[in-house]
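Here the sequence shown is numbered in my numbering, starting from 8 and rising by one per residue.
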Amino acid sequence: MSGASGFIGSHLSRFLTEKGYQVIPLSRQHFHPSASRQLAELVAGCDVVINLAGAPIIKRWSKSYKKELISSRVQPTRALVDAILQATEKPALFVSASAVGYYPDKGCFDEHNSRKGDSFLSDVCEQWEKEAWRASGAVRTVITRFGIVLAKDGGAFGKLALPARLGVSAWFAPGDQYLCWIALTDLMRAIAFVIGTADVEGVVNLVAPQLLTNKQFCQLVGEHYRAHIPFKIPGSLLKLAMGEVAVSLMEGQCVRPARLVENGFSFGMPDLQHFLLTLGK
């Protein structure tokens with residue numbers, strides 16, 4: 008597993024270990040060109056390769072950091088696929104992460120009517136996925152497009168819920184943009200489901216079935232924390248505070264998890280209310 012030390016990767020590693028898998032974490036040194044043979048040997052002994060590598064999206068985007076967002080995803084993916092193709096005994100499955108940022112911010116999409124957007128994040132996802140698809144001729148390949156991953160012990164939810172904890176039900180302008188999310192527990196269960204369902208391949212959207220706008224999402228969080236002051240965060244303020252990355256918060260994708268639903272996956276937290284019930288006040 009690449010990205011095993013990150014927030015999602017560390018949780019997923021523990022989850023899969025508890026299910027009886029032996030997880031081999033991959034570090035940056037495994038992706039150095041001089042380590043290509045060692046990486047191919049590691050891959051050859053595995054049943055599944057999971058690729059979660061990538062620098063955090065929510066950070067001010069300088070020119071150099073935008074390059075890092077791409078390279079931190081493309082280069083490890085390329086190295087992993089090269090290792091899979093070179094391996095004497097190939098794994099049964101390659102799972103490579105991507106994001107719902109691949110889709111346009113207008114219209115609703117699932118895996119059957121997939122279309123690329125025209126944003127910087129869409130371009131990042133396209134380059135990221137292009138490297139992963141090279142494995143598809145050799146092994147079963149699944150591209151998992153993540154929504155925002157919610158957990159009570161870290162990740163994006165703490166930042167999203169901070170205003171509500173301070174008594175302000177705040178949403179990002181304009182408010183009617185969609186916010187696709189998935190509970191961390193469901194994300195981990197969905198990846199285990201993909202591993203165990205041999206006929207699932209191609210793109211799989213890892214998002215909850217409930218469709219919420221940014222305003223609806225933040226209002227539900229505000230109700231949970233009994234925040235009584237409504238406030239729309241202006242786009243100009245977001246851009247001043249965060250720079251270009253603010254655009255990704257002011258736009259959003261409407262995405263449905265058709266492949267998971269069609270294959271019988273059952274969400275433990277199908278709506279935000281279920282997730283909020285797991286939290287303290």
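From the three backbone atoms N, C-alpha and C, an ideal C-beta is built for every residue, glycine too.
query = Cβ of Ser-176 within 8 Å of Cβ of Ile-240?
reply = no
query = Can you tell which of Gly-209, His-119 and Leu-283 has its C-alpha closest to the C-alpha of Cys-225?
reply = Leu-283
key: Cutoff 7 Å; reference Ala-197; Cβ partners in own chain excluding five residues on either side   = Leu-213, Leu-267 and Phe-272
inquiry  = Using 8 Å as the threshold, is the C-beta distance between Ser-9 and Leu-59 below it?
reply    = Annotated as proximal: Ser-9 and Leu-59, with beta-carbon spacing under 8 Å.
task = Could you give the DSSP three-state label for Ile-64: helix, strand or coil?
result = Under the three-state reduction of DSSP, Ile-64 is assigned to coil, being neither helix nor strand.
query = Out of curiosity, what's the CA-to-CA distance linking Pro-181 and Gly-242?
reply = Their Cα atoms are separated by approximately 8 Å.
message = Restricting to Cα atoms, I'd like to know which of Asp-54, Gly-114, Ala-163 and Val-131 is closest to Ser-105.
response = Val-131
query = Going by Cα to Cα distance, which pick from Val-211, Glu-230, Asp-193 and Trp-178 is closest to Leu-244?
reply = In this structure, Trp-178 is the residue among Val-211, Glu-230, Asp-193 and Trp-178 with its C-alpha nearest to the C-alpha of Leu-244.
task = Classify Arg-147 as buried or exposed, calling it buried when 16 or more other Cβ atoms lie within 10 Å of its own Cβ.
result = buried
Closest Cα partner of Gln-223 within the set Leu-186, Pro-32 and Arg-152 = Leu-186
Inter-stretch contact (C-beta, 8 Å, three-pair minimum) for the stretch 156-168 and the stretch 104-119 = By the Cβ rule, the stretch 156-168 does not count as touching the stretch 104-119, because fewer than three pairs are nearer than 8 Å.
Cross-strand partners of Gly-103 (DSSP beta bridge) = Note that residue 103 is Ser in the sequence shown, not Gly. Answer by DSSP bridge pairing, in chain order: Asn-58 and Ile-150.
key: Residues near Pro-277 in its chain [Cβ-Cβ closer than 8 Å; skip 5 each side]   = Ala-215, Pro-216 and Gln-217
task = Mind checking who Cys-261 pairs with in its DSSP beta bridge?
result = DSSP links Cys-261 through a beta bridge to Cys-115.
ask   = Between the Cα of Lys-26 and the Cα atoms of Glu-258, Ser-34 and Ile-202, which residue gives the shortest distance?
value = The option with the nearest alpha carbon to Lys-26 is Ile-202.
key: Selected residue, minimal CA-CA separation from Leu-247, among Pro-40, Arg-67, Val-50 and Ser-79   = Arg-67
Presumed contact (8 Å Cβ cut-off) between Lys-23 and Ala-199, rounded CB distance = It is worth fixing the name first, because residue 23 is Leu in this sequence and not Lys. Leu-23 to Ala-199, Cβ: 7 Å. Contact.
ask   = Since Ala-306 contacts Val-228 with CB under 8 Å, what's their CB separation in whole angstroms?
value = For residue 306 there is no data in the structure shown, the boundaries of the chain being 8 and 288.
ask   = What residue does the alpha helix (DSSP H) around Phe-179 start on, and which one ends it?
value = Segment 175-179 is the beta strand (DSSP E) holding Phe-179; no alpha helix (DSSP H) there.
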